[in-house]
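Top line first, the protein sequences correspond to chains A and C. Plus 1 on top of the position in the first sequence (first one is 1) and you've got the working numbering. Plus 1 on top of the position in the second sequence (first one is 1) and you've got the working numbering. We put the CB at the ideal spot given by N, CA and C, even for glycine. Comments concern the structure below.
Protein chains: 2
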Amino acid sequence: MKKAIVLLSGGLDSATAINIAKSEGYEVYALSFKYGQRHLHELECAKKIASKVGVVEHQIAEINLNVFGGSALTDAEISVPKGREIESMSEGIPVTYVPARNTIFLSFALAYAEVIGCHDIFIGVNALDYSGYPDCRPEFIEAYQNMANLATKEGVEGTNKMTIHTPLIDLTKGQIVEWGLKLGVDYSMTNTCYDPSPEGKACGECDACILRLKGFAENGTTDPAEYV
Amino acid sequence: MKKAIVLLSGGLDSATAINIAKSEGYEVYALSFKYGQRHLHELECAKKIASKVGVVEHQIAEINLNVFGGSALTDAEISVPKGREIESMSEGIPVTYVPARNTIFLSFALAYAEVIGCHDIFIGVNALDYSGYPDCRPEFIEAYQNMANLATKEGVEGTNKMTIHTPLIDLTKGQIVEWGLKLGVDYSMTNTCYDPSPEGKACGECDACILRLKGFAENGTTDPAEYV
Chain A
2 MKKAIVLLSG GLDSATAINI AKSEGYEVYA LSFKYGQRHL HELECAKKIA SKVGVVEHQI
62 AEINLNVFGG SALTDAEISV PKGREIESMS EGIPVTYVPA RNTIFLSFAL AYAEVIGCHD
122 IFIGVNALDY SGYPDCRPEF IEAYQNMANL ATKEGVEGTN KMTIHTPLID LTKGQIVEWG
182 LKLGVDYSMT NTCYDPSPEG KACGECDACI LRLKGFAENG TTDPAEYV
Chain C
2 MKKAIVLLSG GLDSATAINI AKSEGYEVYA LSFKYGQRHL HELECAKKIA SKVGVVEHQI
62 AEINLNVFGG SALTDAEISV PKGREIESMS EGIPVTYVPA RNTIFLSFAL AYAEVIGCHD
122 IFIGVNALDY SGYPDCRPEF IEAYQNMANL ATKEGVEGTN KMTIHTPLID LTKGQIVEWG
182 LKLGVDYSMT NTCYDPSPEG KACGECDACI LRLKGFAENG TTDPAEYV
């Protein structure tokens, strides 16, 4: 069986991505990060999702990104924006962007892949209904894959064919939810919210919540997650 | 003044690189890692070097690479090879190679750069007298730079010109030491050894020690570092 590493934040997109990897016949290794995010509740979600999917292993790497700050998700001094119009979300890069986060996450996945002898990494990035993040764009992923194919032992030996899979990259949130529901993803286990309550209830008003609610509405169904 | 981030391990190469950045007029930000390395003594060296150079800030990021293992430098079960011939060092990739380490280090530097508004990252990689590491090769650095220019806010805005500086990449250890001595680098502060004694004395027999000693010999001088 082919191995795949799936970056698993515990949100809607990564929960869908890990189920896609599983449905494609991969033996799944999940990788999550404790990186100083304010929405730590998502790690509890990640554990439940990994367990439900049936992964070989779920690694949670601790890395401290708040030493650098610079994002509403890692710096308590910066507020998460609420109640924005969807149209305005892709104008400019919001304060919830965490500098180089996907570059760092993929680099840990690359190390993990090299150690376990894996050539497939899944990441649930989404460039359509996204919040304007530079490291969710197809051109970034392509450049990352090129670099990854030179970075490792197999890159030297010329046998490496590392593939970064982005099954959700050109889908709307509605299409992502549709695919996930077909695969039987239990979205009540996921946390998308940038600013959940202490008990883990979603705010319903940040960019991530607004996009998520739209995704369920487009499928004529309601989101099973709890909102405040 | 232009800002530069310098990856500073505390070894001979990075000590030279940080002095080069300083001599080129950059305002220097040093970045080191506590990554589960067996030669933790190098971090004490990094602090001394950063302080002597006069950096604006020295960040030490804690990241746990031993969760993945796979290297003699992070896994106590794997021994550091001793007494190898220099000619044989570039045949194959040694067990001291840490999977994706430079990819991960550069990714943290990229995050740091984005937060402080810096466009220059220095890394003391060396592809000539090196130990066969894939992530020290020029083609890797070039691919990394291409990726970095798409990964960040400025990548989206099209204004980014992130440069990965590798001043040592095509030099011999002898040439690196020559340059460093001209700049007044105090090599007694550096630790190159993969397997130093508990007091921080170098073993003199690992690949890194052997290459280092050759570098000083080529300059007709002796290494001021302490050996067991």
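(1) DSSP three-state call for Glu179(C): helix, strand or coil?
(2) Going by Cα to Cα distance, which pick from Cys119(A), His120(A), Val99(A) is closest to Tyr113(C)?
(3) How is Phe34(A) classed by DSSP in three states: helix, strand or coil?
(4) Any C-beta of chain B sitting closer than 7 Å to the C-beta of Ser108(C)?
(5) Could you check the C-alpha separation between Gly216(C) and Gly55(C) for me, to the nearest Å?
(6) Whose C-beta lies closer than 8 Å to the C-beta of His40(C) among residues of the same chain, with five residues either side of it excluded?
(7) Find the nearest neighbour of Ser108(A) within the set Asn127(C), Ile64(C), Val157(C), Glu43(C), judged by alpha-carbon distance.
(8) What is the DSSP secondary structure of Cys137(A), counted as helix, strand or coil?
(9) Are the beta-carbon atoms of Leu8(C) and Gly37(C) separated by less than 7 Å?
(10) Ordered along the chain, which non-local residues of its own chain (more than five positions away) have a Cβ less than 6 Å from that of Arg19(A)?
(11) Shortest alpha-carbon distance to Lys183(C) belongs to which of Thr223(C), Gly12(C), Leu32(C), Ser24(C)?
(12) So, for Tyr228(A): in the same chain, excluding its five sequence neighbours on each side, which residues have a beta-carbon less than 7 Å away from its beta-carbon?
(13) Report buried or exposed for Gly221(C), applying the criterion of at least 16 other Cβ atoms within 10 angstroms of its Cβ.
(14) Is it right to say Asp171(C) is buried, meaning 16 or more other beta carbons lie within 10 angstroms of its own, or is it exposed?
(15) Mapping DSSP to helix, strand and coil, what is Thr164(A)?
(16) Between Met148(C) and chain A, is there a C-beta pair that is closer than 7 Å?
(17) Return the bridge partner residues of Val7(A) from the DSSP annotation.
(18) Quick one: what's got a C-beta closer than 6 Å to Gly181(A)'s C-beta in the same chain, skipping five residues either side?
(19) Tell me the residue span of the beta strand (DSSP E) that contains Ile61(C).
(20) Cβ atoms of Ser15(A) and Gly125(A): under 7 Å apart, would you say?
(21) With a cut-off of 8 Å, do at least 3 Cβ pairs link the segment 134-152 of chain C to the segment 152-160 of chain A?
(22) How about His120(C) and Met148(C): are their beta carbons less than 7 Å apart?
(23) Just checking: is the beta-carbon of Ala128(A) within a distance shorter than 7 Å of some beta-carbon in chain C?
(24) So that I know if they touch, is there some Cβ in chain A lying closer than 7 Å to that of Val157(C)?
(25) Beta-carbon separation of Asp224(A) and Met90(A) under 7 Å?
(26) Got a sec: which bits of the segment 50-64 of chain C sit with their beta carbon under 9 Å from any beta carbon on chain A, in order along the chain?
(27) Sort out for me which residues DSSP pairs Cys207(C) with in a bridge.
(28) Measuring alpha carbon to alpha carbon, tell me which of Arg102(A), Glu88(A), Ser72(A) ends up nearest Val81(A).
(29) For the candidate residues Gly12(C), Asn150(C), Met2(C), whose alpha-carbon lies nearest to that of Ile142(A)?
(30) Since Leu66(A) meets chain C, which of its residues come closer than 9 Å, beta carbon to beta carbon?
(31) Measuring only the C-alpha atoms, how far is Val186(A) from Leu13(C)?
(32) So Ile165(C) and Ile122(C) are in contact, right, with Cβ under 8 Å, and what is the actual spacing, rounded?
Taking the coordinates as given:
(1) Three-state result, Glu179(C): helix.
(2) Val99(A)
(3) Looking at Phe34(A) - three-state DSSP - the assignment turns out to be strand.
(4) Here chain B cannot be found, since the structure's protein chains are A and C.
(5) Spanning the two alpha carbons is a distance of roughly 26 Å.
(6) Leu74, Asn192, Cys194, Tyr195, Asp196, Pro197
(7) When each option's Cα is compared against that of Ser108(A), the closest is Ile64(C).
(8) helix
(9) no
(10) The sequence as given places Ile at residue 19(A); Arg does not occur at that position. Excluding sequence neighbours, Ile19(A) sits near Val7, Leu9, Val54.
(11) Ser24(C)
(12) In chain order, Lys202, Ala203, Gly205 place their CB closer than 7 Å to the CB of Tyr228(A), counting only its own chain and leaving out the 5 sequence neighbours on each side.
(13) Result: exposed.
(14) With fewer than 16 other Cβ atoms within 10 Å, it is exposed.
(15) strand
(16) yes
(17) Ala31(A), Phe123(A)
(18) The residues are Thr17.
(19) It spans 58-63 - the beta strand (DSSP E) in which Ile61(C) sits, taken as one unbroken run.
(20) yes
(21) yes
(22) no
(23) no
(24) yes
(25) no
(26) Gln60, Ile61, Ala62, Glu63, Ile64
(27) Lys83(C)
(28) Ser72(A)
(29) Asn150(C)
(30) The CB of Leu66(A) comes closer than 9 Å to the CB of Ala62, Phe109, Ala112 in chain C, given here in chain order.
(31) 52 Å
(32) 5 Å
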